[in-house]
């Protein structure tokens, strides 16, 4: 298994999430609102990099993301570190 990298960048379109992905891997993107202690929510299935999250949040909301990698047989292979940002005004 390769190192699972993730990078979060704020853009005018939303939160730009870039991640490493092998050719035949499936990558699912997960998000949670950190301040609410919410459970992880799957926001993309078999996503391509970059994934842009355009969901609107109120200013001051802290949002976290991570990705999970699966092989072609849907067996879990690992996950990235967690990245976070706080939505500005």
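Residue numbers (the working numbering): 37 to 125. Cβ coordinates follow ideal geometry from the N, Cα and C atoms, glycine included.
Delimiting residues of the beta strand (DSSP E) encompassing residue i
i: residue 124; result: Premise fails: residue 124 is in no beta strand (DSSP E) and is neither H nor E.
i: residue 114; result: 112-115
i: residue 54; result: 50-55
Straight-line gap, residue i to residue j (C-alpha atoms, nearest Å)
i: residue 108; j: residue 78; result: 19 Å
i: residue 37; j: residue 45; result: In this prediction, residue 37 has a pLDDT of 48, which is less than 50 and means its spatial position is unreliable; nothing more can be read from the coordinates.
i: residue 58; j: residue 99; result: 26 Å
i: residue 116; j: residue 63; result: 10 Å
i: residue 50; j: residue 110; result: 29 Å
i: residue 43; j: residue 82; result: 17 Å
i: residue 73; j: residue 60; result: 33 Å
Pair within 8 Å by beta-carbon distance, residue i and residue j
i: residue 120; j: residue 89; result: no
i: residue 85; j: residue 55; result: yes
i: residue 53; j: residue 112; result: no
i: residue 69; j: residue 87; result: no
i: residue 124; j: residue 94; result: no
Spatially closest choice to residue i from the options, by CA coordinates
i: residue 122; options: 49, 41, 92 and 97; result: 97
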